[in-house]
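Residue numbers (this note's numbering): 5 to 447.
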């Protein structure tokens, strides 16, 4: 690409911003256009359910800094309407067609709705955007009525923890057997559930919402176990769907649940000169297997945005596979949980000591989880990288994207012991000196 080319980034969030930065780092001199459906410049979304909700930071403190001059043309408050891959044009409101030479799809997620939920009622909230969080924060400041959070995942648990710090009564309702079920090892899910209960959070497990009754004094929620909860405010936090509805009718292969299907290099299937990054992208991480999956976490958006931009400039023939070790964290009631890899792929879970867990399958270690053990996390992360190396390396001449696993390995300086056949499956893949105790089984 040359200085007369135009790269359009659809989605002005974390992945989009980091993609634009990487383009400039690699000396792309053409035009960069950022198209976003929100009125805001990119902001730090994970803080919405934490310090922003509790009032510890303000909206203007959430703006993401650019690490290099992006020099982009910003088209905010502008929703993409479609894409014509034959003409290489992004379709915008009013019939506008924005021509591109390269396109980055980074549209992220949209909130999932619950059937029958009275979403038009101002007391019913979701938490996906800065505007959502602002409305919820303002609503919570007007009264002291109890709050019900529907959804026991990351967002639901973080919102409940934040609301408790405001001395509000809050109850979490989930259809799972524990909070965070499916995202973390079962033993840790049980511990998180007990932690919330010990902090005064009501927890209702294994139920669904059957009926809603909107009243002047509150919203009544009829649950499948017969309970009726009455709340002054309800937060629906049942996950999200990839924002791909604008791609209907295009040749870009996508699915309403899976997002944009990509090659291992982030190139979108069905289109040329198009890549995808962040929550919306579904690609096979060859470090683990060849099954396409999405990773809905902030650091993946950072790294994938950079990798997608790099591979867009390289082109499909020269691009290299994006094979990260996913890392993410959550903080609830001052407890910090850090995760590396993909623990949900493991069929066996073991304890590495106090606050450290491992998940493995037949071909080895796939995930690590620590609780309030940041130093151990970095050491174990180095071990995970050593035992599950990337299948290929990046081409010489390109700068490695953001804090890499190699840097963690250099700092850790830990050697891995060879896998003895006589020990349990998970312990075959642990750093030297670390012992394993089987986890408890939930009943």
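Yeah, the Cβ is synthetic: ideal placement off N, Cα and C, and Gly gets one too. Note that the structure is predicted; figures quoted are calculated from it, not measured.
Cα-Cα separation between residue i and residue j, rounded to whole angstroms
i	j	result
residue 78	residue 142	29 Å
residue 292	residue 365	11 Å
residue 72	residue 21	10 Å
residue 367	residue 347	13 Å
residue 108	residue 328	19 Å
residue 230	residue 386	49 Å
residue 215	residue 206	20 Å
residue 14	residue 313	12 Å
residue 113	residue 300	9 Å
residue 131	residue 225	19 Å
residue 99	residue 297	33 Å
residue 340	residue 253	43 Å
residue 303	residue 309	10 Å
residue 363	residue 53	28 Å
residue 87	residue 344	35 Å
residue 186	residue 144	30 Å
residue 259	residue 276	18 Å
residue 370	residue 188	12 Å
residue 265	residue 256	8 Å
residue 175	residue 208	7 Å
Three-state secondary structure assigned by DSSP to residue i
i	result
residue 22	helix
residue 332	strand
residue 207	strand
residue 273	coil
residue 62	coil
residue 160	helix
residue 259	strand
residue 177	strand
residue 114	strand
residue 147	coil
residue 324	coil
residue 43	coil
residue 101	strand
residue 308	helix
residue 198	helix
residue 141	helix
residue 248	coil
residue 17	coil
residue 284	helix
residue 165	helix
residue 390	helix
residue 185	strand
residue 192	helix
residue 233	strand
residue 369	strand
8 Å contact criterion, which residue i and residue j should meet: CB distance rounded
i	j	result
residue 181	residue 160	So it is not a contact: roughly 15 Å between Cβ atoms.
residue 349	residue 355	That pair is no contact at about 18 Å.
residue 183	residue 196	5 Å
residue 39	residue 76	Going by Cβ atoms, the distance from residue 39 to residue 76 rounds to 10 Å, so no, they are not a contact pair.
residue 261	residue 245	7 Å
residue 383	residue 359	Residue 383 to residue 359, Cβ: 13 Å. No contact.
Own chain, CB closer than 7 Å to residue i, minus 5 neighbours either side, in chain order
i	result
residue 68	18, 21, 46, 47 and 48
residue 268	287, 288, 290, 325 and 326
residue 242	116, 118, 154 and 155
residue 417	Residue placement at residue 417 is poorly supported in this model, since its pLDDT is 28, which falls under 50; the coordinates are not used for a value here.
residue 96	82, 84, 85 and 102
residue 218	122 and 125
residue 10	34, 35, 37, 103, 104 and 105
Residues that residue i bridges to, as DSSP identifies them
i	result
residue 352	364
residue 452	The chain is shown only over 5 to 447; residue 452 falls outside these bounds and no answer can be derived.
residue 35	10
residue 239	129 and 153
residue 342	333 and 374
residue 67	47
residue 266	272
residue 77	37
residue 297	287
residue 88	93
residue 106	11
residue 357	360
Beta-carbon contacts of residue i that lie in its chain and below 6 Å, excluding the five residues immediately before and after
i	result
residue 55	61
residue 43	80 and 81
residue 381	342 and 374
residue 320	271
residue 305	18, 19 and 282
residue 411	Confidence at residue 411 is low in this model, with a pLDDT of 32, below 50, so its placement is unreliable and no value can be given for it.
residue 158	334
residue 232	224 and 226
residue 238	128, 152 and 223
Close Cβ partners of residue i (< 8 Å) along its chain, the five nearest in sequence each way excluded
i	result
residue 120	213, 215 and 216
residue 199	336, 337 and 339
residue 192	184, 341, 361, 373 and 375
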